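A.B. asks: Below is the structure I would like to discuss, written out as structure tokens.
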Amino acid sequence: MLLNRDRILILKRDSAPDDCAWFLEVDTTFVNEHKKILNTEVVAWSKGVKGDGPKPIVISGPSGVGKGTLISKLMRDFPSTFGFSVSHTTRAPRDKEMDGIHYHFTDRNVMEKDIQDGKFLESAQVHENLYGTSIEAVETVTDSGKRCILDIDVQGARSVKASSLEVISIFICPPSFEELEKRLRARGTETEEQVQKRLRNAKAEIEQGKSSGLFDHILVNDDLETCYANLKKILALDGHNDIPAAKNVELPLGHLVAEMDQKVLIHCRTELGRPSNNLFVLDVSSVKGGAPGRTRGLNMYAIGPFGDGVNGIKQVENNSFSAIEGRASHYY
Ligand code: ADP
Ligand code: 5GP
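Each residue of the sequence shown is one higher than the one before, counting from 15 in this note's numbering.
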């Protein structure tokens, strides 16, 4: 079904309910940019996802300030709430660092090609190596219903701010330059030459992080527990327990019946031999994003008759029906 003249909605027959809505993009920003780069016709696929997903959190700060330590504490205390965006890097793994968990360790030429192909949300040269956040890294965490945490440098934070992704950004400062140096050396993961380079870069990073208004919040990591408590305050986690991730409501399996005014009527197939007269409205009027990430913002309504004898439309939210919205006939 052609929507907005820029993308075609496709519902896949016999697919899993979390994999049934796809968009074939024919005239979106991504497609048009890549037409120019590749000098040929381009189409792109993006998966349709219900709702917007939780806002990611960007954490930046100079090397050795304690970003990793704070993020580990958050992930340990709130494993169902947060997920880590695994970056790509061309630097060599440290002892105990695992590929695919701490970073995707990669070659520069492979990463440069992927950046050119538009697979990265942001990338930057940091301490002589290339680092970057792939769109897939953020989308995978968001798909699971968790809030994505990005540990990226100030240049990366600036790129994310300029992108369409809405985030909360936090800059972590050391209590003093001497203390930063002490922590970096005590970590013992870099050679003396690398430590010197990281300290030189730290000066500019701290200046930019503090002054540019780039970050929504600035935290000083003096005493670790105090800083962690302040971080939890910013994230409104004070006194809260880990909240299980809200499962994305699955889209209905079925076939298209009609489309009007960016509302698509779907008739559900019979399930396991049971007769089904379920009709759903898939509202695509607020979709955002798209290739090379997901198309988010799909909404879904069920159309009666419901068991309670009500004829109408109910929003499908968290697998329960709420808020009657109108009458089915409005959509024909
Ligand atoms: P980053 O991820 O910012 O490079 P790390 O989390 O690896 O920094 O921390 C660098 C070192 O400093 C680690 O050895 C860590 O244990 C230590 N550290 C972190 N926060 C504090 C703190 N508030 N006080 C003292 N040491 C700290
Ligand atoms: P490290 O080598 O100590 O793991 O990281 C060095 C710096 O690179 C840190 O400041 C970290 O925040 C930053 N970094 C890690 N991943 C990314 C990324 O994907 N993008 C950007 N721009 N910076 C990153």
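Note that CB positions come from ideal geometry on N, CA and C, so glycine has one too.
Since the model is a prediction, treat every value here as computed from it, not as a measurement.
Cβ of Val174 within 8 angstroms of Cβ of Glu136?
C.D. replies: In contact: Val174 and Glu136 (Cβ atoms closer than 8 angstroms).
A.B. asks: What number of angstroms, rounded off, separates the C-alpha of Cys34 from the C-alpha of Val278?
C.D. replies: 14 angstroms
A.B. asks: By Cβ distance, which residues of its chain are closer than 6 angstroms to Ser101, with the 5 residues on each side in sequence left out?
C.D. replies: Tyr117, Tyr145, Thr147
A.B. asks: Does DSSP classify Leu286 as helix, strand or coil?
C.D. replies: Because the pLDDT at Leu286 is just 49, under 50, the model does not fix this residue reliably, and the value given afterwards should be weighed accordingly. Three-state DSSP puts Leu286 in coil, outside helix and strand.
A.B. asks: Comparing alpha-carbon positions, which option in Thr309, Ala305, Ile280 lies nearest Ile317?
C.D. replies: Ile280
A.B. asks: Since Phe96 is in the alpha helix (DSSP H), which residue starts that stretch and which ends it?
C.D. replies: Not the alpha helix (DSSP H): Phe96 falls in the beta strand (DSSP E), residues 96-98.
A.B. asks: Please specify which runs of the beta strand (DSSP E), each continuous and at least 3 residues long, are wholly inside the region 106-147, giving them in chain order.
C.D. replies: 134-140
A.B. asks: Using alpha carbons as the reference points, say which of Val57, Leu312, Phe294, Pro189 lies closest to Leu351.
C.D. replies: Nothing about residue 351 can be reported from this structure: the residues present for the chain run from 15 to 346 only.
A.B. asks: Return the bridge partner residues of Met274 from the DSSP annotation.
C.D. replies: Lys277
A.B. asks: Taking Met314 as the reference, which of Lys50, Asn18, Val63 has the closest Cα?
C.D. replies: Val63
A.B. asks: How long is the line joining the alpha carbons of Ile129 and Gly307, rounded to whole angstroms?
C.D. replies: Roughly 14 angstroms between the two C-alpha positions.
A.B. asks: With a 10 Å radius around its C-beta and 16 neighbouring C-beta atoms as the bar for buried, classify Phe229 as buried or exposed.
C.D. replies: buried
A.B. asks: Specify the secondary structure class of Asp33 as computed by DSSP and reduced to three states.
C.D. replies: Of the three classes helix, strand and coil, the one that applies to Asp33 here is helix, per DSSP.
A.B. asks: Just verifying my parser: in three-state terms, what is the DSSP assignment at Glu204?
C.D. replies: coil
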